[in-house]
Amino acid sequence: MNALTRDLVKLVETAEQSQKTREELSVSDRKFREKLHLMPPVGWLNDPNGLCQFQGIYHAFFQYSPFNAEGGVKMWGHYTSKDMIKWEYQGTALYPDQPFDCHGVYSGSAFIEDGKMYLYYTGNVKLEDGEYDYIRTGREGNTVLVITEDGKMFGKKKELMRNSDYPDDLTCHVRDPKVWKENGTYYMVQGARTNEDVGQVLVFESEDKVNWKFRNRVESEKPFGYMWECPDYFKIGDKKLLSTSVQGLEGGIWEDRNVYQSGYFEIEGDILGEYKLSEYHLWDYGFDYYAPQSFETEDGRRIHISWMGMPDCEEYSNPTIQTGWQHCFTFPREIFEKDGKICQCPIRELEEKKHLVSDVKGMLVREGYPVYEMTISDITKNRFKVILSEKLILDYADGKFRMHFTDQDKTSVSSGRSMRCVEVEEVENLKILVDTSSVEVFVNDGEYVFSTRYYPEVYKLQAEAVGAQITLSEIM
Ligand code: FRU
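Basically my numbering = 1-based index in the sequence shown + 22.
Laid out in structure tokens, this is it:
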């Protein structure tokens, strides 16, 4: 451990301890803390990193800036869990303490083999004392490897690649390695921005997990955004999916959506050779969703977790900043295929935490439940309306499922959020997972999902759906 690491360890612990004390002393300082969702102990959280199940235990690392709830230099915070619901904080795993990662231990992934966890990440460096634009000049995106044998002690960082090892028609923006193995060979995808400001995914290969060479690039036929971040590649049934978070989509349908998008292309062909990309499908249509990552559980499920937040967003905000922290992860979701469509649902582990409160037809009004799951099934003719905490509405109009707030004031429940929607002919069922300050809505068995943060003063739910079955389960 170098002197910088030693000081960082102490500073982070002090910041975490003072937040803990603050929340113990004041109800209003802890009132928006989630019960089921992973949050930073203090400060800022963004992308999920290094998600895996290792020796039976789930590990979730996260982009962490403990000193400022509005972001700062990034490190990897670390949680573990036995069920992906109750997460135990393990401290900071990786600090920005080397010349190749001193301006941020950026996003990356975990690969498990032979009883070891291999963590790949991007070491971010911003050069000083120059006329840099930090896009084409002045920035390093170094690929770094760290190995752990017990998930507690992290070995020496090894720099594997630098910008000079990437294709030379790219800007400095290359990052977020995700690694997997197929037919005895290791593969890595990374997100990139070309000199022409086009987003794409780079594919690297390796025989030994340490020496990597560039193999291919995946891009859309026409330019689609200027930067592709946090790529991921996996199969669901027979479908091959390339997931990526895209910056720079403007005009047309993108005007009424978030500043950046997270979605996937279905791949026809081979990402190592000839391929064709499908249209881009969004993972989530809500306000707060970016940079998801997937992993496979030991029992073979594909789990997806995202940052429930939005970078560079001026339209809306989060009042938790005033109480020392910001952002959380989405509740873990299982990805599956249904009738040829990619769907998502909350992990099945949630079932054991549910206690049925009501099971009624047509209408339900309740107060005083901050954490619950509500389902509405057998909806007919799109006749339904849900109102949460008097201000957040889920309904159907003009051929669209809509999530909207009645008030866009930054001091209101929405904290500035307005409306998100998706065109859908028929809404048949809804599953709504509500935590203290978040709502995730699964439409039609998870064919579409909407995630949002919300900041209620009262916990009240009203649901109306003629002839439909409505259940409410408290989650304990
Ligand atoms: C996505 C992202 C990544 C990067 C990380 C830095 O939100 O910009 O591309 O590695 O955040 O925190």
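A virtual CB, placed ideally from N, CA and C, is assigned to each residue, including glycine.
Predicted, not measured: the structure shown is a model, and the values here were computed from it.
Helix, strand or coil at Asn238 [DSSP, three-state]: Taking the first residue of the sequence shown as 1, we reach residue 238 at position 216. In the structure shown, Asn238 sits in a strand (DSSP, three-state: E or B).
For the candidate residues Tyr248, Pro354, Gln41, Asp151, whose alpha-carbon lies nearest to that of Val281?
-> The residue you call residue 281 lines up with position 259 of the sequence shown. Closest by alpha carbon: Tyr248.
Exercise. Starting from the N-terminal side, write out each stretch of the beta strand (DSSP E) that is 3 residues or longer and does not extend beyond the stretch 352-408.
Key: 355-360, 363-368, 376-389, 394-399
- [ ] May I have the straight-line CA-CA distance separating Gly346 from Asp51, to the nearest angstrom?
- [x] Walking along the sequence shown from the start, residue 346 turns up at place 324. Walking along the sequence shown from the start, residue 51 turns up at place 29. Computed Cα separation, rounded: 8 Å.
For the beta strand (DSSP E) containing Val463, list its first residue and its last residue.
Counted from its first residue, the sequence shown places residue 463 at position 441. Run containing Val463: 460-465, per the beta strand (DSSP E) assignment.
To the nearest angstrom, how far is it from the Cα of Thr159 to the Cα of Lys257? Here residue 159 is taken as the residue at index 137 of the sequence shown, counted from 1. Here residue 257 is taken as the residue at index 235 of the sequence shown, counted from 1. Cα to Cα, the separation comes out at about 36 Å.
Review point. Run through DSSP, which three-state label would Ala37 get?
Key: On the sequence shown, residue 37 is found 15 positions in, with the first residue counted as 1. Three-state DSSP puts Ala37 in a helix.
Three-state secondary structure (DSSP) of Pro62:
Counted from its first residue, the sequence shown places residue 62 at position 40. Looking at Pro62 - three-state DSSP - the assignment turns out to be coil, as it is neither helix nor strand.
- Query: By the 10 Å Cβ neighbour count, where 16 or more other Cβ atoms means buried, how is Val166 classified, buried or exposed?
  - Reply: Residue numbering aside, residue 166 sits at position 144 when the sequence shown is read from its first letter. Classification for Val166: buried.
Do Val34 and Thr102 come within 8 Å of each other at the CB atom, strictly closer than that value?
For the purposes of this step, residue 102 is taken as residue 80 along the sequence shown, with counting starting at 1. For the purposes of this step, residue 34 is taken as residue 12 along the sequence shown, with counting starting at 1. No. Outside cutoff.
| message | I'd like the list of long-range same chain contacts for Met61, defined as Cβ closer than 6 Å, with 5 residues on each side in sequence excluded. | response | Here residue 61 corresponds to residue number 39 of the sequence shown, with the count starting at 1. Result list for Met61: Cys350, in chain order.
**Q.** Sub-8 Å separation of Ser242 and Ser267 beta-carbons
**A.** As a working mapping, residue 242 is identified with position 220 in the sequence shown. As a working mapping, residue 267 is identified with position 245 in the sequence shown. Cβ atoms of Ser242 and Ser267: not closer than 8 Å.
| message | Going by DSSP in three states, Arg52 sits in which element: helix, strand or coil? | response | On the sequence shown, position 30 is the one that residue 52 refers to. The answer is helix: DSSP assigns Arg52 an H, G or I state.
- prompt: For Cys252, is the beta carbon positioned less than 7 Å from some heavy atom of the ligand MG?
  reply: Inclusion of the ligand MG in the displayed structure is not the case, the ligand content consisting of the ligand FRU alone.
| So Glu445 packs on Gly421, CB below 8 Å; how close in whole Å? | Within the sequence shown, residue 445 is the residue found at index 423, counting from 1. Within the sequence shown, residue 421 is the residue found at index 399, counting from 1. At roughly 6 Å, the Cβ-Cβ gap stays under 8 Å, so Glu445 and Gly421 are in contact.
**Prompt:** Just how far apart, CA to CA, sit Tyr302 and Glu288?
**Reply:** What you label residue 302 is simply residue 280 of the sequence shown in a count that begins at 1. What you label residue 288 is simply residue 266 of the sequence shown in a count that begins at 1. So the alpha carbons of these two residues sit roughly 8 Å apart.
Compute the Euclidean distance between the alpha carbons of Cys443 and Glu412, then round it to the nearest angstrom. Sequence index remark: in the sequence shown, residue 443 carries index 421 (1-based). Sequence index remark: in the sequence shown, residue 412 carries index 390 (1-based). Their backbone Cα atoms lie some 19 Å apart in a straight line.
Considering just the uninterrupted stretch of the beta strand (DSSP E) at Phe83, what are its terminal residues?
On the sequence shown, position 61 is the one that residue 83 refers to. Per DSSP, Phe83 belongs to the beta strand (DSSP E) from 79-87.
(message) Contact defined as beta carbons within less than 8 Å: I believe Tyr476 pairs with Ser459. What is the distance between those atoms, to the nearest angstrom?
(response) In the sequence shown, residue 476 corresponds to position 454, counting from 1. In the sequence shown, residue 459 corresponds to position 437, counting from 1. Indeed they touch by this definition, with Cβ atoms about 6 Å apart.
message: Please report the distance separating the alpha-carbon of Asp431 from that of Thr342.
response: Position 409 of the sequence shown holds residue 431. Position 320 of the sequence shown holds residue 342. One C-alpha to the other measures close to 16 Å.
| request: Check Lys179 in the structure and name its three-state DSSP category. | output: In the sequence shown, the residue the question calls residue 179 occupies position 157. Lys179 falls in the coil class under three-state DSSP.
Tell me the DSSP secondary structure of Gln75 in three-state form. Your numbering for residue 75 matches position 53 in the sequence shown. Strand at Gln75.
- Query: Any chance the CB of Asp198 is under 7 Å from a heavy atom of the ligand FRU?
  - Reply: On the sequence shown, position 176 is the one that residue 198 refers to. Checking the Cβ of Asp198 against the ligand FRU gives yes.
Every unbroken beta strand (DSSP E) inside the stretch 257-304 [3 residues or more]: 261-269, 282-291, 297-299
Notebook entry, point to check: Does the beta-carbon distance from Gln269 to Glu251 come in below 8 Å?
Noted result: Counted from its first residue, the sequence shown places residue 269 at position 247. Counted from its first residue, the sequence shown places residue 251 at position 229. Cβ distance < 8 Å, so Gln269 and Glu251 count as in contact.
| said: Here's a check: name, in chain order, each residue in its chain whose Cβ is nearer than 8 Å to the Cβ of Lys231, leaving out the five neighbours to either side. | reply: For the purposes of this step, residue 231 is identified with residue 209 of the sequence shown, where counting begins at 1. Correct list, in chain order: Phe133, Glu135, Tyr140, Leu167, Val201, Tyr208.
Note to self: If contacts are defined as beta-carbon pairs under 8 Å, then Ser40 and Gly65 qualify, I think. What distance do you get, rounded to the angstrom?
What the structure shows: Residue 40 sits at position 18 when you count from the first residue of the sequence shown. Residue 65 sits at position 43 when you count from the first residue of the sequence shown. With 8 Å as the limit, Ser40 and Gly65 do not qualify as a contact, their Cβ atoms being about 11 Å apart.
Exercise for review: With a threshold of 16 other CB atoms inside 10 Å of the CB of Lys383, please say whether the residue is buried or exposed.
Suggested key: Residue numbering aside, residue 383 sits at position 361 when the sequence shown is read from its first letter. That one is exposed.
For Leu89 and Arg239, what's the separation of their Cα atoms in angstroms?
Counting from one through the sequence shown, the residue named residue 89 turns up at place 67. Counting from one through the sequence shown, the residue named residue 239 turns up at place 217. Just to set this straight, residue 89 is Phe in the shown sequence, not Leu. Straight-line Cα distance between these residues: approximately 37 Å.
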